[in-house]
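All remarks here apply to the structure that follows.
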Amino acid sequence: MFELALAYLRDRSLTTALNILLLGISVAMLVLLVQFGNQLSSRLDRDAQGVDLVVGAKGSPLQLILSSIFHIDQLTGNIPLDSLEMLRRDPAVKAAIPLALGDNFDGYRIVGTDESYATFYGSEVEQGKMFEKPMEAVLGAAVAKTTGAQLGQQFIGSHGLETEEGDGQAHDQTPFQTVGILAPTGTVVDRLILTSVESVWDVHGIDHQHDHQPNAGHDHGHDTDDQVLSARGELQPELTAILVSYRNAAGAIRIPAMINRQTEMQAATPAVETARLLALFGAGIEGARIFAWILAATGGLAIFIALLNMARAREGDLALLRVMGASKAQVFGTILLEGLITAAAGATLGIAAAHAALFVASRSFQTLSDLGLSATQFLPAELGIIAAVLLIGIVAALIPAARIFRINLANTLARTS
Amino acid sequence: MLLEIENLQYNINEKPLFSGFNLSIEEQKNHLLVGPSGSGKTTLINLICGLLSPEKGAIRVAGHDIAALSESGRDKIRREHIGIVFQTLRLVSALDLSANLLLAQRLSRGTIDASLITSLLKRLGIAHRAKAKPHQMSQGEAQRAAIARALVTRPRLLIADEPTSALDETNARQVMDLLLECTADYGATLLIATHDDRLTPLFPNRIVLTDHMLKAA
């Protein structure tokens, strides 16, 4: 009977194709929403894990979080170098990791920091070694894979956060040397190039010899306007942000308040900002989700109408099947199968289209790529969507299929034969 | 006895169409069921096939009283013993000819006999139309296809309701010849309900329905 159901669907191929398309669009929308919401949420959680506070220049706290933890937004500005020591001296601070940002290589951000940054994300050196001297760089796993860079290779950073053709701001005089490649972590580190803070200062011609302390981060310069000039007119070492993790709960109460009130810096809490971000996205996602389910219901209605019309037009056929020996249950099952097959095809199309769209989008849009959006990740929620759509197909076919129980064979045959 | 009807009572709108009706057909004895419109030919066929239930009486097909069975029991008798050819309702519209025959075999026997399908299509001269959909066939081809569909399950009783009424002289003659030859070849017994006088000379055994009374000619 499966082949018969397929044959009937093929027999009205245009209607079948349109119904499949309608369901496919709704499934694709639902899958995209689930994927985007889930991947965004888990990505944000993973990247922000362990970071209790981000200290940076005044501005939007969300922008500070996005630029310093997720590396997907413009920087807020610079902060004084001594703020790092101030935080490290605080007994409530377990770790304070300096960040000096502002340049990129081939679209991948160059992060001036210290060894603790990689350790913080559980990242290990897979090939080579961790950077030690200025201008030594360690590549994240995704960076190495995409650029094909090998140990010992040199590269030149460009000013800004993305590579733009003809920007003319490459730091030709200060090439980096690749000394290590990190193992994949599934975090933001995979898409970063790590180097020392001093390297970033060197690239921008900032003298730091007398300022710099071992293992401590310093300033970098990105926009000249943001740099602090010394009395002699020289650029002073600064940092872009500091990632902080608390030693105890007291830090969460005292440190942000102290930073925000007593300094020219701001303290942003990743948990608060990512929750705010997800809430902003959430409203839009919820609206789109409702729309997609309405679309799925419309698909179900289209199947219902098509099958109802078919059951009416095909009464003679159904009666003939009964005369040929098919039981009522078999004929009922055939019509039900038509609904189910249509829904299954719609679900398959939708899932495939959604993952194809994720694949294309993650390669076409830098921000989505930076978010680490994966096209090959399948979520349990997708099974739920498939089950719901199959149910829609079955429900839509129930009433048309039930007509078989009302057909008076003798009357139908008299009318049609 | 292949078909035995005893004391059949069947009413339409509470008026008796058949009352105390009796009939018996032996294996391999083809019969023509004739009578004017409204005499009850199609109703009698529907009763024999188990598509209608009588008020009273027994209708035994291959020894099974189809009138006394449940709907699923009647389906089973029809599936196993009866093949039916209608005037215009010939094949399942969405399937091509060979798929129709395969489906008929699957529904009837649960198995497929591809060699029987091939030989029947050749015998009926429509082997070249095996992949044609019903709407792509001519009237004559479609009626031969309906015969193939009915015979492919190797029924003991082949019932045809007005099989030639929609056909021209040549096609009607061809179809009747094939029906008679094929039923003989495949060991079936033919019962044809018709008001087509062209068929009368071909059948020595006739059942004439007049005023719902059986007249054996």
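Chains as they are written, first to last, in this note's numbering: chain V, 1 to 417; chain W, 1001 to 1217.
A virtual CB, placed ideally from N, CA and C, is assigned to each residue, including glycine.
Starting from residue i and walking both ways along the alpha helix (DSSP H), at which residues does that stretch end?
i                       : result
residue 1019 of chain W : Where residue 1019 of chain W is concerned, there is no enclosing alpha helix (DSSP H), although the beta strand (DSSP E) it sits in stretches over 1015 to 1025.
residue 400 of chain V  : 380 to 402
residue 286 of chain V  : 270 to 313
residue 117 of chain V  : 115 to 120
residue 147 of chain V  : 141 to 147
residue 1043 of chain W : 1041 to 1049
For residue i, report the span of its beta strand (DSSP E) as first-last.
i                       : result
residue 1056 of chain W : 1056 to 1061
residue 3 of chain V    : Looking at the DSSP string, residue 3 of chain V is not in any beta strand (DSSP E); the run it does join, the alpha helix (DSSP H), is 2 to 11.
residue 1072 of chain W : Residue 1072 of chain W -> not in any beta strand (DSSP E); alpha helix (DSSP H) instead, spanning 1071 to 1081.
residue 253 of chain V  : Segment 249 to 262 is the alpha helix (DSSP H) holding residue 253 of chain V; no beta strand (DSSP E) there.
residue 1066 of chain W : Looking at the DSSP string, residue 1066 of chain W is not in any beta strand (DSSP E), and its letter there is neither H nor E.
residue 1192 of chain W : 1189 to 1194
residue 360 of chain V  : No beta strand (DSSP E) contains residue 360 of chain V, which is instead part of the alpha helix (DSSP H) from 328 to 364.
residue 241 of chain V  : 241 to 246
residue 1111 of chain W : Where residue 1111 of chain W is concerned, there is no enclosing beta strand (DSSP E), given that its DSSP letter is neither H nor E.
residue 1012 of chain W : 1003 to 1012
residue 195 of chain V  : 192 to 196
residue 57 of chain V   : 53 to 57
residue 1207 of chain W : 1206 to 1210
Excluding the five sequence neighbours on either side, which residues of its own chain have a C-beta within less than 6 Å of the C-beta of residue i, listed in chain order?
i                       : result
residue 347 of chain V  : 27, 386 and 389
residue 241 of chain V  : 54, 56, 68 and 99
residue 124 of chain V  : 183
residue 49 of chain V   : none
residue 299 of chain V  : 22, 23 and 26
residue 302 of chain V  : 19 and 22
residue 345 of chain V  : 20
residue 1219 of chain W : No information on residue 1219 of chain W is available, as it lies outside the stretch 1001 to 1217 that chain W covers here.
residue 224 of chain V  : Low confidence applies to residue 224 of chain V: its pLDDT is 38, below 50, so where it sits in the model is not reliable enough to give any reading.
residue 176 of chain V  : 135, 137 and 155
residue 44 of chain V   : 274
residue 259 of chain V  : 55, 265 and 267
Might you give, ordered along the chain, the residues of its own chain that have their beta carbon closer than 8 Å to the beta carbon of residue i, omitting 5 neighbours on each side?
i                       : result
residue 93 of chain V   : 87, 244, 245, 246, 247, 251 and 255
residue 327 of chain V  : none
residue 1230 of chain W : Because chain W is modelled from 1001 through 1217, residue 1230 of chain W falls outside the range shown and cannot be assessed.
residue 58 of chain V   : 76, 77, 264, 265 and 266
In its own chain, which residues sit with a C-beta less than 7 Å from the C-beta of residue i, not counting the 5 before and 5 after it?
i                       : result
residue 166 of chain V  : At residue 166 of chain V, the pLDDT of 48 sits below 50, so the modelled position is not reliable and the matter cannot be decided from this model.
residue 16 of chain V   : 9 and 342
residue 395 of chain V  : 300
residue 47 of chain V   : 69, 70, 187 and 188
residue 353 of chain V  : 24 and 28
residue 333 of chain V  : 1
residue 1116 of chain W : 1152
residue 1167 of chain W : 1139, 1140, 1143 and 1175
residue 5 of chain V    : 334, 337, 338 and 341
residue 1186 of chain W : 1151 and 1154
residue 403 of chain V  : 311
residue 1134 of chain W : 1090, 1091, 1093 and 1142
Since I believe residue j is in contact with residue i (beta carbons under 8 Å), could you give me their beta-carbon distance rounded to a whole number of angstroms?
i                       : j                       : result
residue 200 of chain V  : residue 107 of chain V  : So it is not a contact: roughly 17 Å between Cβ atoms.
residue 239 of chain V  : residue 104 of chain V  : Between residue 104 of chain V and residue 239 of chain V the Cβ distance is about 18 Å, and since that is not below 8 Å, they are no contact.
residue 434 of chain V  : residue 194 of chain V  : For residue 434 of chain V there is no data in the structure shown, the boundaries of chain V being 1 and 417.
residue 151 of chain V  : residue 128 of chain V  : 5 Å
residue 1124 of chain W : residue 1147 of chain W : 6 Å
residue 203 of chain V  : residue 157 of chain V  : 6 Å
residue 419 of chain V  : residue 140 of chain V  : Residue 419 of chain V is absent from the model: chain V starts at 1 and stops at 417.
residue 142 of chain V  : residue 190 of chain V  : 4 Å
residue 319 of chain V  : residue 413 of chain V  : 5 Å
residue 399 of chain V  : residue 321 of chain V  : The Cβ separation is near 19 Å, so there is no contact.
residue 1198 of chain W : residue 1164 of chain W : 7 Å
Any chance you could list the beta strand (DSSP E) runs of at least 3 consecutive residues sitting entirely within the stretch 1134 to 1184 of chain W, in chain order? Scanning the stretch 1134 to 1184 of chain W from its first residue to its last, the whole beta strand (DSSP E) runs of 3-plus residues come out as 1157 to 1161.
Is the stretch 1186 to 1195 of chain W touching the stretch 1032 to 1048 of chain W in the sense that three or more CB pairs, one from each, lie closer than 8 Å? yes
Examine the Cβ distances between the stretch 308 to 318 of chain V and the stretch 33 to 51 of chain V and report whether three or more of them are shorter than 8 Å. no
Cβ pair count under 8 Å reaching 3, the stretch 1145 to 1159 of chain W against the stretch 1048 to 1068 of chain W: yes
Report yes or no: do three or more beta-carbon pairs, one from the stretch 1102 to 1110 of chain W and one from the stretch 357 to 366 of chain V, lie closer than 8 Å? no
Minimum length 4: unbroken alpha helix (DSSP H) runs contained in the stretch 61 to 94 of chain V: Look at the stretch 61 to 94 of chain V and you find these whole runs of alpha helix (DSSP H), each 4 residues long or longer: 61 to 65 and 82 to 89.
For the stretch 1015 to 1022 of chain W and the stretch 1069 to 1082 of chain W, state whether three or more C-beta atom pairs, one from each stretch, are separated by less than 8 Å. No: fewer than three Cβ pairs fall under 8 Å.
Is there contact between the stretch 1081 to 1090 of chain W and the stretch 1129 to 1149 of chain W, where contact requires at least three CB pairs shorter than 8 Å? yes
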